[in-house]
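Student: If you use this note's numbering, the sequence shown corresponds to residues 492 to 585, in order.
Structure incoming, see below.
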Amino acid sequence: MLVDTGANVTLVRTDLAQKLKDNFIYTAPNISLKTTTGEKAEIHGKLDAPIECGYRKFQHRIYVSDITYPCILVLDFLQKFNFTVDLEKNELAG
């Protein structure tokens with residue numbers, strides 16, 4: 492999992508989202524995704540899924556795309572659940 496405080500929406504890799512097919516909404520949302528290199532990436536759908544951080548579980552809207560990392564947690568998740576990023580300790584606190 493990657494934490495990216497500069498991105499706007501939380502993403503999950505397509506193959507992992509397909510394992511949660513009961514929650515997967517295949518209708519592509521009206522969102523344009525731009526990678527760090529400036530290229531456009533296709534959104535395949537969205538899902539509302541639980542995200543586990545330590546011993547806690549959080550329900551969150553996740554968008555599905557062909558990304559390298561299994562999951563990219565971003566500012567929307569961190570703000571919604573009051574997480575902070577501790578760069579010295581290289582950890583999330585919430």
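Ideal Cβ placement from N, Cα and C applies to all residues, glycine included.
All of these numbers come straight from a predicted model, not from anything done at the bench.
1) Among LYS571, ASP567 and GLU582, which has the Cα closest to the Cα of THR496?
2) Does ALA540 pass the burial test, meaning 16 or more other C-beta atoms within 10 Å, or should it be called exposed?
3) Please say whether ILE516 and TYR554 have beta carbons closer to each other than 8 Å?
4) Going along the chain, which residues of its own chain have a beta-carbon closer than 8 Å to the beta-carbon of LYS531, five neighbours each way excluded?
5) With DSSP as the reference, label ALA508 as helix, strand or coil.
6) Going by DSSP, name the residue or residues bridged to GLY536.
7) Look at LEU502 and ILE542 and say whether their C-beta atoms are less than 8 Å apart.
Tutor: Answer, in terms of the structure:
1) ASP567
2) buried
3) no
4) SER523, LEU524 and LYS525
5) helix
6) VAL555
7) no
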